[in-house]
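So for the sequence shown, the numbering used here puts the first residue at 95; every next one is plus one.
Just so it is clear, CB atoms sit at the ideal spot from N, CA and C, and this is done for glycine as well.
Since the structure is predicted, the reported quantities are computational estimates derived from the model, not experimental observations.
Below: the structure, in structure tokens.
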Amino acid sequence: MSGSSAAVIGLGYWGPNVLRNIMEIDKFDDVYVHDINDNNLTRNRIKYPRISLTEKYDEILDNDNINCVFICTPPVTHYGLAKEALLKGKNVLIEKPMTVSVKEAEDLIRISEEKSLILMVGHTFEYSPPVEKIKEIIDGGILGDIYFVSMSRINLGIHRKDVSVIWDLATHDFSILFRLIDEMPRKISAVTNSFVKKDLKDVAFINMKYDSGIIANINVSWLSPKKVRETIIVGSKKMLIYDDTMSDEKIKVYDKGVELLKDPDSFGEYQLTYRTGDIYSPVLKSTEPLRIEIEHFLECVSNGTKPRTDGYCGLKVVRAIEAAERSSDKNGEVVEINAG
Ligand SMILES: NC(=O)c1ccc[n+]([C@@H]2O[C@H](COP(=O)([O-])OP(=O)(O)OC[C@H]3O[C@@H](n4cnc5c(N)ncnc54)[C@H](O)[C@@H]3O)[C@@H](O)[C@H]2O)c1
């Protein structure tokens with residue numbers, strides 16, 4: 095990327111992680127940072143004296159050397175900031191969730207295509223070694239036909255100010271689910287409540303149904319005594335648990351199942367036989383997912399190739415969240431994910 099510069103927008107909790115990786119990868123001539131909060135802007139200067147700070151987004155937009163913009167601001171600001179950057183000819187890596195409406199996501203895709211720019215969404219888990227390994231296991235047929243997927247992402251806080259727990263946490267699970275299973279669920283229902291702050295959903299139970307028969311559920315919450323980051327996948331041959339809170343053995347594959355066998359002693363009767371076999375835990379690479387994600391973005395910008403988590407991938411997740419919110423507004427009524 096020599097001859098070009100990058101800009102990181104938003105330096106609250108997540109932006110500094112993005113900045114650290116950009117500085118470590120060290121592919122840009124200059125790195126600019128912008129935040130509307132002075133304290134968040136200046137505190138990174140001490141760590142990286144080489145970065146240029148600016149309080150004005152226009153300075154980023156008008157700087158023709160900047161060809162990559164990393165948007166790490168709250169979700170409600172993603173659309174406006176990304177749109178301006180794309181219109182000024184910059185490639186954009188936008189944090190999850192891509193936008194807070196399908197309409198906004200479609201608009202960003204349209205602009206990026208018209209301008210032949212890279213638009214990528216920071217679905218970090220799609221770059222994580224455990225998710226990659228699970229995809230390999232599913233695609234290799236090790237689990238057999240997938241029956242169901244059950245996902246939990248719960249802990250105490252932090253309540254975001256701008257979006258519900260679905261937009262904040264379930265984004266991760268939707269993106270993991272859509273990466274793992276090639277089919278999209280057709281129907282969704284969500285039961286939610288806002289216990290702590292009025293009109294800010296902090297607990298959600300989301301259920302989905304696929305045409306093939308697969309069912310899936312996502313439980314997200316900012317109100318839990320325990321941090322849980324767990325995905326259980328049950329297939330016709332084997333079962334799998336992915337526990338992202340573990341430092342090692344994050345994935346365990348269980349040779350467990352149940353078979354329906356003809357009862358030899360009676361005509362037309364069946365017996366259930368439960369199988370309990372070995373448990374194995376595959377070795378995983380230890381590379382930081384965010385590093386893999388940013389390197390992939392830079393590669394796509396250099397080669398003009400389509401990112402794995404492009405705008406359409408971001409749109410799928412936004413569409414599912416919008417449908418879940420629609421269902422929640424109707425007290426958990428089942429709705430079609432693709433319906434407007
Ligand atoms: N990929 C991941 O795993 C992951 C993890 C955490 C957060 N995120 C995402 O990163 C984004 C930021 O989350 P966070 O937890 O760091 O939020 P945060 O509230 O801690 O930080 C946001 C920062 O953006 C600044 N900001 C707000 N509006 C701005 C604007 N219009 N222009 C410039 N700066 C602005 C704020 O001053 C603040 O410093 C969110 O979209 C979140 O969903 C992604």
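So, with DSSP's three-state summary, where would you put His266?
helix
For the beta strand (DSSP E) containing Glu324, list its first residue and its last residue.
Val322 to Gly329
In three-state terms, what does DSSP make of Cys166?
coil
On the CB-based measure, 16 or more other CB atoms within 10 Å of its CB, does Arg204 come out buried or exposed?
exposed
Once the 5 residues before and after Val395 are set aside, which same chain residues still bring their CB inside 8 angstroms of it?
Met95, Asn161, Cys162, Asn185 and Ile212
In this structure, does DSSP put Ser283 in helix, strand or coil?
strand
By the three-class DSSP mapping on this structure, what secondary structure does Ser206 have?
helix
Between which residues of its own chain and Thr325 is the CB-CB distance below 6 angstroms, once the five residues before and five after are set aside?
Met245 and Tyr336
Tell me whether Pro376, by its Cβ, gets closer than 7 angstroms to a heavy atom of ligand 1.
no
Buried or exposed, going by whether 16 or more other CB atoms sit within 10 Å of the CB of Arg139?
exposed
Between the region 235 to 244 and the region 267 to 280, do at least 3 Cβ pairs fall closer than 8 angstroms?
yes
Just how far apart, CA to CA, sit Met340 and Ala417?
32 angstroms
Compute the Euclidean distance between the alpha carbons of Met302 and Lys150, then round it to the nearest angstrom.
43 angstroms
With respect to 7 angstroms, is the separation between the Cβ of Lys184 and the closest non-hydrogen atom of ligand 1 below this value?
no
Ile231: first and last residue of the uninterrupted alpha helix (DSSP H) it sits in
Pro223 to Asp233
CA nearest to the CA of Thr370, picked from Val377, Leu155 and Gly351
Gly351
Report the start-end ranges of each beta strand (DSSP E) in the region 103 to 190 that is 3 residues or longer and not cut off at the edges.
124 to 128, 146 to 148, 160 to 165 and 185 to 189
Drop a sphere of 10 angstroms on the beta-carbon of Val377, count the other beta-carbons inside from all chains shown, and report buried for 16 or more, exposed for fewer.
exposed
Leu334, enclosing beta strand (DSSP E) - first and last residue
Met333 to Asp337
Asn425, buried or exposed, once every other Cβ within 10 Å from all chains shown has been counted against 16
exposed
Less than 7 angstroms separating the Cβ of Tyr151 from some heavy atom of ligand 1?
yes
When the Cα of Ser306 is compared with those of Asn111, Pro223 and Pro279, which residue comes out closest?
Pro279
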